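> Got a structure here, written out as structure tokens. Questions coming.
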Amino acid sequence: MKLSIPAAIESIAPYVPGKPMETLERELGISDSVKLASNENPLGPSPMAVAAMGKALSGLNRYPDGAGYELTAQLAETLQLDPAQIVLGNGSDDLLALLARVLLQPGDEVIIPAPSFLLYSTTALSADARPVVVPLKAMKIDLEAMLARVTPRTRMVFICNPNNPTGTVAGRQDFERFLAALPEHVVVVVDEAYFEFVRDDGCVSGMAYLDAPLAVVTLRTFSKIYGLAGLRVGYGVMPAQLAEIIHRVRMPFNVNTLGQVAATAALKDTQFFDQTRALVHQGLDLLYAELKQRGLTCFPTQANFFLIDVQQSAEAVFQAMLRHGVIVRSMNSYGYPNYIRINVGLPEENRRFLDALDKVLKI
Ligand SMILES: *Cc1c(COP(=O)(O)O)cnc(C)c1O
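Numbering (my numbering), first residue to last: 3 to 365.
See the structure below:
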């Protein structure tokens, strides 16, 4: 075999998926482990979504609705948008790939904050575009420094708001100054995967800037607050002119029937939404108080996860926590060798985490 793989593709680091909990438990000889590593919803999926999927099962011999009519209409109503401004995706990951496909050419530049979501670099590299990496400043995305890196080749700028993994947000004024200074050939992509958890009134949403002179794309997902990560449903909100281009190249059935049905029901499940938000906020308040008592630094967050400075190798802490059946995320590969990231779990899971941490750190 002689494969000629483009150099840009060869340069992409292989994605290392986390081991399924079942595999980990078997390897370590443990049971009922607690996973706080992927920012998932600990309450499970929205019950209204589960009920709606049950009813849809007998229709699975049919192809999905390729236009996602019901879900798009429900989103348009909920968000007060024109359906033509909404594009559904097989998770928001799908939208990242679609944006790269329609907007990027070899040699184009994509400005990316770091540490942030690792997929932004992959998105740029997959189109043979050049990731221009701009470090955070005091754990926040540095809009000024990003502006300074704009050139005539800049096609896309990523803002993760709240930022994964630091949990910080951009304020309205700072974002507006940033937008006003950007040339019109730049597309701003605001990834709002955790927006529904935000408590800070000053936090900006990309959705407020659909009429800006340059294209602002906002990405949202059903994977986090709606508890549907396994189904893969996300959406992008963008000027209709860009949405129309993406519709031409997306897979005709990129969101499956169960995903569409579940997401439509989840949007109406305000009780589950409120319950998740309250659980996360109560959990954050408890965990911060408990960790502070232990003398550990936790970074303030607007999301359902946060960083903890464990003052030693995060990899070692991750491994040791694993043996106590608690899965956390080491931030070593994000450039924070002494930080771990956890998401809020159920009250008993938060307790298990604190007990395991006490044993591991010998507090
Ligand atoms: C979890 C997450 C997403 C959501 O991805 P999906 O493909 O919709 O599951 C997007 N962006 C960030 C930063 C995330 O952490």
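Here a beta-carbon is modelled for each residue, glycine too, at the ideal position from N, C-alpha and C. Nothing here was measured: the structure is a model prediction, and the numbers come from that model.
Is it right to say Glu111 is buried, meaning 16 or more other beta carbons lie within 10 angstroms of its own, or is it exposed?
With 16 or more other Cβ atoms within 10 Å, it is buried.
> Is the distance from the Cβ of Leu194 to the Cβ of Ser207 below 8 Å?
First, the residue type needs correcting, since residue 194 is Glu and not Leu in the sequence shown. Their beta carbons are under 8 Å apart, which means Glu194 touches Ser207 by this criterion.
> Is Gly195 near ligand 1 - that is, is its Cβ less than 7 Å away from at least one heavy atom of it?
Note that residue 195 is Ala in the sequence shown, not Gly. Correct: Ala195 has its Cβ closer than 7 Å to ligand 1.
> Would you kindly check if the distance between the Cβ of His249 and the Cβ of Val89 is under 8 Å?
A contact, by the Cβ cut-off of 8 Å.
> Tell me, please, which residues DSSP counts as bridged to Asp193.
Paired residues: Cys162, Leu221.
> Considering only heavy atoms of ligand 1, does any lie closer than 7 Å to the CB of Asn166?
Yes.
> In this structure, how does DSSP classify Val112 when only helix, strand and coil are distinguished?
Reduced to three states, the DSSP call for Val112 is strand.
> Is Asn41 near ligand 1, judged by its Cβ being under 7 Å from some heavy atom?
It does: the Cβ of Asn41 is within 7 Å (strictly closer) of some heavy atom of ligand 1.
> Applying the 10 Å Cβ sphere with the 16-neighbour rule, what's the burial state of Asn41?
Result: buried.
> Going by DSSP, which residues form a beta bridge with Pro137?
BP columns for Pro137 point to Ala116.
> Where do the ends of the beta strand (DSSP E) carrying Gly261 lie?
Run containing Gly261: none in the beta strand (DSSP E); it sits in the alpha helix (DSSP H), 259-270.
> Should Thr170 and Lys142 be called a contact, given that it needs their Cβ atoms to be closer than 8 Å?
Yes, these two residues count as a Cβ contact at 8 Å.
> Along the chain, where does the beta strand (DSSP E) containing Ile365 start, and where does it finish?
From DSSP, Ile365 is part of no beta strand (DSSP E); its letter is neither H nor E.
> On the DSSP letters alone, give me the boundaries of the alpha helix (DSSP H) that Gly56 sits inside.
Start and end: 49-58.
> Looking at Ala265: is its Cβ nearer than 8 Å to the Cβ of Leu230?
Contact: yes.
> Cutting at 6 Å between CB atoms, please list the residues of its own chain near Gly93, excluding the five before and the five after it.
The residues are Arg234, Gly236.
> Please return the same chain residues whose Cβ sits closer than 6 Å to the Cβ of Thr80, not counting the five positions on each side in sequence.
Counting only Cβ-Cβ distances below 6 Å, and skipping sequence neighbours, we find Leu269.
> I want to know whether the region 158-173 touches the region 299-317 - three or more CB-CB distances under 8 Å.
Yes, since at least three Cβ pairs between the region 158-173 and the region 299-317 fall closer than 8 Å, the two stretches touch.
> Between Gly91 and Leu97, how many whole angstroms is the CB-CB distance? I'm expecting something under 8 Å.
So it is a contact: roughly 4 Å between Cβ atoms.
> At a cut of 8 Å, does the region 57-71 reach the region 283-294 through at least three beta carbon pairs?
Segments in contact, no.
> In the DSSP assignment, what are the bridge partners of Ser332?
Answer is Ile342.
> For Pro117, tell me which candidate among Phe274, Val135, Ala129, Asp130 has the shortest Cα-Cα distance.
Comparing Cα-Cα distances from Pro117 to each of Phe274, Val135, Ala129, Asp130, the minimum goes to Val135.
> Starting from Val239, trace the alpha helix (DSSP H) both ways and give me its first and last residue.
Taken as a continuous stretch (DSSP letters only), Val239 belongs to no alpha helix (DSSP H), being part of the beta strand (DSSP E) at 236-239.
> Identify whether Ile248 lies in helix, strand or coil by the three-state DSSP scheme.
Helix.
> Do the region 310-322 and the region 12-19 touch if we need at least three Cβ pairs shorter than 8 Å?
As far as the Cβ criterion goes, the region 310-322 does not touch the region 12-19, which means the pair count is below three.
> Ligand 1 heavy atoms versus the CB of Ser60: any closer than 7 Å?
Answer for Ser60: no, Cβ out of range of ligand 1.
> Enumerate in chain order the residues of its own chain whose CB-to-CB distance from Pro66 is below 7 Å, with the five nearest sequence positions on each side excluded.
These residues qualify, in order along the chain: Phe255, Val257, Asn258, Thr259, Gln262.
> What does a CB cutoff of less than 7 Å around Ala358 pick up in its chain, not counting 5 residues either side in sequence?
So the list reads Met323, His326, Val328, once near-sequence residues are dropped.
> Scan the region 24-96 and note each continuous alpha helix (DSSP H) run of 4 residues or more that stays entirely inside, going in chain order.
Here the runs fully enclosed are 49-58, 71-81.
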